[in-house]
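Enquirer: So for the sequence shown, the UniProt record's numbering puts the first residue at 1; every next one is plus one. My structure is below; once you've seen it, I'll send some questions.
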Amino acid sequence: MKAIAYYASLPISDEKSLQDIELPEPVAGPRDLLVEVKAISVNPVDTKVRQNVQPEGGAAKVLGWDVAGVVKAVGSEVTLFKAGDKVFYAGSIARAGGNSELHVVDERIVGHMPKTLGFAEAAALPLTAITAWELLFERLQVREGKIDEGQSLLIVGAAGGVGSILTQLASQLTGLRVIGTASRPQTQSWVRDLGADQVIDHSQPLSEELKRAGFEHVTHVASLTQTDQHLDQLVEALAPQGKLALIDDPKSLDVTKLKRKSLSLHWEFMYTRSLFETADMIEQHKLLNRVAGLIDAGTLKTTVGEHFGTINAANLRRAHELLESGKSKGKIVLEGF
């Protein structure tokens, strides 16, 4: 089968940083689906793994943790899907990625694809939807409906992949006032269109920007990027007993700054369930099905920012380059081999 992989961690400007190769077809385990990959999307985790993880023993390492496709075959213990089903999922970081014609994935972290979307539009959703859902409803423990009316959520980096779905979930499904950050006119417009009540500029001091927007404090913060740079401003912006959740990888984080206000810290990593095969791993199957239903009902919309064409090494290198520049909005998708 065709696949895109790398053999050594190299700068994305190097043609060998991602290469078109041929690999044997994978074999599904008892609870696995064998999926014919139709479309993928690219995430910051792809660039981080490529830059920092050397393949073992000279083997090819395949990236890619957002897939939309069709089930080709199922393992002996599979109960949730059958051959021919259209599916979408983010997979497991402990296994080979989905940048290949065929891919195997545990059924418990796979959802039925939204009926109203094509493969490329569906591929934009799984990783960011799982991350945003778990961060909002499980880590920050925000409740659906209007129960939390009067409280507020600041989303730092709201125009990115996770921010684009988190903004929609918070504005459509909760009573929170949603403030998104974006620094350029086009990304600010994108965040407003996704449902944010206010948009502020994260290139300026955040606590001052919030006050200009009419918010003395916020009760919740989702810090999706540059948490270490913004930490002092986030502590100042949070109300006493507020909640701070993050998904990025700060080099250092002085959590003692949270003590005076009794702020709580929550880390979200959507691979935790699949990595440790937790007892509640199937929750990702359930939430992806819920997201598909919300898409089909028109409550949520896909977050495709750009379509980069065919799934090949040259187009994936372009996608990695744009993600590394920090100037992407929404999700970058590729489709077909």
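Quick reminder that beta carbons are idealized off the backbone N, C-alpha and C, glycines included.
Keeping to the same chain, check which residues put their C-beta closer than 6 Å to that of L169; ignore five residues upstream and five downstream.
Expert: Excluding sequence neighbours, L169 sits near A132 and L136.
Enquirer: If you draw a straight line from the alpha carbon of G98 to that of L194, how long is it in whole angstroms?
Expert: Our two residues, G98 and L194, have alpha carbons roughly 28 Å apart in a direct line.
Enquirer: Can you give me the C-alpha to C-alpha distance between H230 and P30, rounded to a whole angstrom?
Expert: 45 Å
Enquirer: What would DSSP say about L287, mapped onto helix, strand or coil?
Expert: Looking at L287 - three-state DSSP - the assignment turns out to be helix.
Enquirer: In angstroms with no decimal places, state the Cα-to-Cα distance between A213 and T219.
Expert: Inter-residue distance for A213 and T219 is about 15 Å (C-alpha atoms, whole angstroms).
Enquirer: If you run the structure through DSSP and keep just helix, strand and coil, what is R318?
Expert: Looking at R318 - three-state DSSP - the assignment turns out to be helix.
Enquirer: Using the Cα positions of T278 and A90, report the straight-line distance between them to the nearest angstrom.
Expert: 16 Å
Enquirer: Any chance you could list the beta strand (DSSP E) runs of at least 3 consecutive residues sitting entirely within the region 218-262, in chain order?
Expert: 218-223 and 238-246
Enquirer: With H, G and I counted as helix, E and B as strand and the rest as coil, what does DSSP make of G180?
Expert: strand
Enquirer: Ordered along the chain, which non-local residues of its own chain (more than five positions away) have a Cβ less than 7 Å from that of P205?
Expert: Q233
Enquirer: Roughly how many whole angstroms lie between the Cα atoms of V45 and T79?
Expert: Between the alpha carbons of V45 and T79 lies a distance of about 30 Å.
Enquirer: Could you tell me which residues DSSP pairs with L34 in its beta bridges?
Expert: A73 and V104
Enquirer: Under 9 Å, do T181 and V199 count as touching if we go by C-beta distance?
Expert: yes
Enquirer: Use the C-beta contact count for Q284: other C-beta atoms within 10 angstroms, 16 or more gives buried, fewer gives exposed.
Expert: Answer is buried; the Cβ neighbour count reaches 16.
Enquirer: Quick check on the DSSP output: the alpha helix (DSSP H) that includes A120 runs from which residue to which?
Expert: F119 to A123
Enquirer: Verify whether the separation of the beta carbon atoms of E335 and K38 is less than 9 Å.
Expert: yes
Enquirer: How is the beta strand (DSSP E) around Q19 delimited, first residue to last?
Expert: Q19 to E22
Enquirer: Excluding five sequence neighbours on each side, which residues of the same chain lie with their C-beta closer than 8 Å to the C-beta of W267?
Expert: R139, A245, L246 and I247
Enquirer: Taking 9 Å as the cut-off, decide whether the C-beta atoms of A129 and S41 are in contact.
Expert: no
Enquirer: Is the beta carbon of G242 less than 9 Å from the beta carbon of K261?
Expert: yes
Enquirer: Can the beta-carbon of G145 be found less than 9 Å from the beta-carbon of L166?
Expert: no
Enquirer: Go through its chain and collect everything with a Cβ distance to A94's Cβ below 6 Å, but skip five positions before and after it.
Expert: L275
Enquirer: Is the CB-CB distance between V191 and L153 below 9 Å?
Expert: no
Enquirer: Here's a check: name, in chain order, each residue in its chain whose Cβ is nearer than 6 Å to the Cβ of L127, leaving out the five neighbours to either side.
Expert: N43, W65, D66 and A90
Enquirer: Thinking C-beta only, is S328 closer than 9 Å to G305?
Expert: It is a contact, given that the beta carbons lie within the stated cut-off.
Enquirer: Can you check DSSP and say which residues form a bridge with L166?
Expert: DSSP output for L166 lists no bridge partner at all.
Enquirer: Tell me which residues share the same chain as A5 and place their Cβ nearer than 7 Å to its Cβ, disregarding the 5 neighbours each side in the sequence.
Expert: Closer than 7 Å at Cβ, skipping near neighbours: Q19, I21, A60, K61 and V62.
Enquirer: Tell me whether E25 is buried or exposed, calling it buried when 16 or more other Cβ atoms sit within 10 Å of its Cβ.
Expert: exposed
Enquirer: Looking only at C-alpha atoms, which of A68, Q51 and S171 sits nearest to S17?
Expert: Q51
Enquirer: How is the beta strand (DSSP E) around W65 delimited, first residue to last?
Expert: Segment: none, W65 is in no beta strand (DSSP E) and carries neither H nor E.
Enquirer: Given the structure, does V67 come close to the ligand SAM, in the sense that its CB is under 8 Å from one of the ligand's heavy atoms?
Expert: With respect to the ligand SAM, the structure shown offers nothing to examine, as it has no ligands at all.
Enquirer: Compute the Euclidean distance between the alpha carbons of K82 and V70, then round it to the nearest angstrom.
Expert: 10 Å
Enquirer: Since W190 sits in a beta bridge, which residues does DSSP pair it with?
Expert: None; W190 has no bridge partner.
Enquirer: Determine the burial state of residue 407: buried for a count of at least 16 other Cβ atoms within 10 Å of its Cβ, exposed for fewer.
Expert: Because residue 407 is not part of the residues shown, which for the chain are 1 to 337, the question remains open.
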